[in-house]
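The sequence shown begins at 10 in the numbering used here and counts up by one.
Backbone N, C-alpha and C define an ideal beta-carbon position, used for all residues, glycine too.
All values reported here derive from a predicted model rather than from experimental measurement.
Here's the structure, in structure tokens; my notes come after.
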Amino acid sequence: MAQSVNLQAKLAPYRTALDGTEIPSVHLHIKEGKTGPYDSKIAGDPYFPKADEYPVDGEGHPMKLLAQINFGQLPKLEDYPESGLLQIFISVHDDLYGMNIDQKQDQKDFRIRFIEEPFLPKEELVSDFSFVKIPDDVYFPVTKEGAVLAELTSETISAGDYRFEKVFGKESWDLFESMTDDGEEADALMDEFYETQSGFGHKIGGYPGFTQEDPRQYEDQDHALLLLQIDSDDEVDMMWGDCGIANFFIKKEDLKKKQFGNVVYNWDCS
């Protein structure tokens with residue numbers, strides 16, 4: 010979404026700083042449909058060797074695949090894997106979809122797996138996942154399987170990112186309040202900026218979006234890279250609470266080493 014002439018004019022003194030935050034991102038477009046075991050996907054069945062131990066939550070219940078990303082099917086991003094499968098499983102017996110509010114790296118009720126190539130042939134993979142059962146009284150955030158199409162793009166810092174104040178020298182409200190003496194205009198400018206720089210959408214890399222606030226505002230700021238973001242999406246009946254969004258953050262050094270045991274998992278909703 011393009012910014013209005015008025016907003017562009019107000020941001021002109023900060024344009025160099027804003028443009029300096031531009032980084033590449035892979036935006037993910039989801040289309041309902043069946044996928045194969047080696048494909049990038051939302052929900053559906055994972056690539057899973059028969060010899061592997063299936064992930065279970067803290068109560069011993071099998072977890073369900075939330076997302077599988079085949080990096081070999083994506084445009085290349087610096088520091089991110091160029092091949093291999095990233096899998097995220099979450100508990101189907103937890104109202105918070107596996108997130109631990111107090112310890113967001115705790116993978117007791119969510120699990121991240123990474124599988125290097127070469128992949129096994131289909132005959133060595135699990136084909137029946139009927140043992141993963143979603144209780145009637147639990148809502149899983151996505152109800153339809155979706156294929157993933159990837160697009161390489163770039164973006165500047167989102168309005169809710171914890172680094173916003175470091176870039177502009179002020180928090181967002183103070184920034185827009187300083188642009189005008191009219192409180193209503195300041196509100197309108199900030200609302201438009203938040204809309205154009207929301208950070209929403211499915212993506213790998215780039216800047217995150219939030220309906221509340223960045224959990225890294227006060228801790229875990231070393232988890233600077235967006236490993237994966239999954240938004241609410243009608244295409245696959247995906248809803249995080251009330252039109253929310255989920256983010257997975259990782260340290261740069263862990264990502265380069267393909268170590269996924271220390272990932273911050275957060276989701277919030279309005």
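What distance in whole Å lies between the Cβ atoms of Leu237 and Ala76, which are believed to be in contact at a cut-off of 8 Å? To locate residue 76, count along the sequence shown from 1; it is residue 67. To locate residue 237, count along the sequence shown from 1; it is residue 228. Right, the Cβ-Cβ distance comes to about 6 Å (below 8 Å), so this counts as a contact.
Can you list the alpha helix (DSSP H) stretches of 4 or more residues lying completely in the region 164-230, in chain order? DSSP runs (the alpha helix (DSSP H)) wholly in the region 164-230: 173-177, 181-186 and 192-205.
In terms of DSSP beta bridges, what is Ser34 paired with? Walking along the sequence shown from the start, residue 34 turns up at place 25. Partner(s): Thr162 and Gly214.
Return the residue from the list Lys131, Val14 and Tyr89 that minimises the CA-CA distance to Phe258. For this step, residue 258 is matched to residue 249 along the sequence shown. For Phe258, the nearest C-alpha among the options comes from Tyr89.
By the three-class DSSP mapping on this structure, what secondary structure does Gly81 have? On the sequence shown, residue 81 is found 72 positions in, with the first residue counted as 1. When secondary structure is reduced to three states using DSSP, Gly81 falls in the helix class.
Buried or exposed: which applies to Ser136, given that a residue is buried once 16 or more other Cβ atoms fall within 10 Å of its Cβ? Numbered from its first residue, the sequence shown carries residue 136 at position 127. Of the residues assessed, Ser136 falls on the exposed side of the cut-off, its CB having fewer than 16 other CB atoms within 10 angstroms.
Pairwise C-alpha distance: Gly208 and Glu133: Numbered from 1 along the sequence shown, position 124 holds the residue referred to as residue 133. Numbered from 1 along the sequence shown, position 199 holds the residue referred to as residue 208. Distance between the alpha carbons of Glu133 and Gly208: 40 Å.
Start and end of the beta strand (DSSP E) containing Asp240? To locate residue 240, count along the sequence shown from 1; it is residue 231. Counting along the chain, the beta strand (DSSP E) containing Asp240 begins and ends at Leu234 to Asp240.
Give me the residue from Thr152, Lys117 and Phe185 with the minimum Cα distance to Ala168. Locating residue 168 in the sequence shown gives position 159, counting from the first residue. Of the candidates Thr152, Lys117 and Phe185, the one whose C-alpha sits nearest the C-alpha of Ala168 is Phe185.
How big is the Cα-Cα spacing for Pro217 and Asn275? The count along the sequence shown starts at 1 and reaches residue 217 at position 208. The count along the sequence shown starts at 1 and reaches residue 275 at position 266. Their backbone Cα atoms lie some 11 Å apart in a straight line.
Leu27 and Glu201 - do their beta-carbons sit closer together than 8 Å? Taking the sequence shown and counting its residues from 1, the one referred to as residue 201 is at position 192. Taking the sequence shown and counting its residues from 1, the one referred to as residue 27 is at position 18. For Glu201 and Leu27, no; Cβs fall outside 8 Å.
Which stretch, first to last residue, makes up the beta strand (DSSP E) that contains Val273? As a working note, residue 273 is residue 264 in the sequence shown. Looking at the DSSP string, the run of the beta strand (DSSP E) that includes Val273 is Val273 to Asp277.
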